[in-house]
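Scroll down for the structure; my scribbles are underneath it.
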Amino acid sequence: MAHQSLYRKYRSQTFDDLIGQDHVVRTLQNAIASGRIGHAYLFTGPRGTGKTSTARLLAKALCATDGPTPTPSDDDPVCQAIAEGNFVDVVEMDAASESGVDDIREQIVEVAEYRPMIARYKVFIIDEVHDLSTKAFDAILKT
């Protein structure tokens, strides 16, 4: 059996699983249901409040086979691939360990030039974005 961190093993897999974030879930689901999806979302808050989990759930909702949908299904192969971290149209990077401008160019800027391959949307999740260098921030802003 492969080692898996507890926070990954027990990460929320549906919007209903998010604890203490009802207002965020309601806002995102209403935006999806009404077709008023923003081009970018910034999730902030203390450690352990579900920022990355919420971003992944939003990615599932936007990229689901029948999406965008406010209630993505765990049975959907696209949602399963996103949960496993290997869906081509969802790019997740950890800026705490990859904070340089070359990392951003390779993982974000060059990939953003292309349309989504499978899903309707291409989603970029940049965890710990505050750790990026100034040049890396500039590269993102120019994208």
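Residue numbers 1393 to 1535, in our numbering, belong to the letters of the sequence shown in order. Each residue gets a CB set at the ideal place from its N, CA and C atoms; glycine is no exception.
When the Cα atoms are used, Cys1471 and Pro1464 turn out to be separated by approximately 7 Å. Around the beta-carbon of Gly1412, fewer than 16 other beta-carbon atoms lie within 10 Å, marking it exposed. Non-local C-beta neighbours of Gly1437 in its own chain, meaning closer than 8 Å and more than five positions away in sequence, comprise Lys1443, ordered along the chain.
When rounded, the separation of the alpha-carbon atoms in Pro1469 and Thr1457 is 8 Å. Annotation: Asp1481 to Val1515 spans about 6 Å, alpha carbon to alpha carbon. Pairwise C-beta distances place the stretch 1416 to 1435 out of contact with the stretch 1487 to 1500, as fewer than three of them are shorter than 8 Å. Out of Tyr1506, Ile1517, Ile1532, Glu1505, the CA that lies nearest to the CA of Gly1477 is found in Ile1517. Pairing Ala1451 with Pro1460 gives a Cβ-Cβ distance that is not under 7 Å. For Phe1529, the uninterrupted alpha helix (DSSP H) run begins and ends at 1526 to 1533, by DSSP. Nearest C-alpha to Gln1499 among Tyr1513, Arg1512, Glu1484: Glu1484.
Beyond the five residues adjoining it in sequence on each side, Asp1523 comes within less than 8 Å, by CB distance, of Ala1487, Ala1488, Ser1491 in the same chain, given in chain order.
DSSP lists no beta-bridge partner residue for Asp1495.
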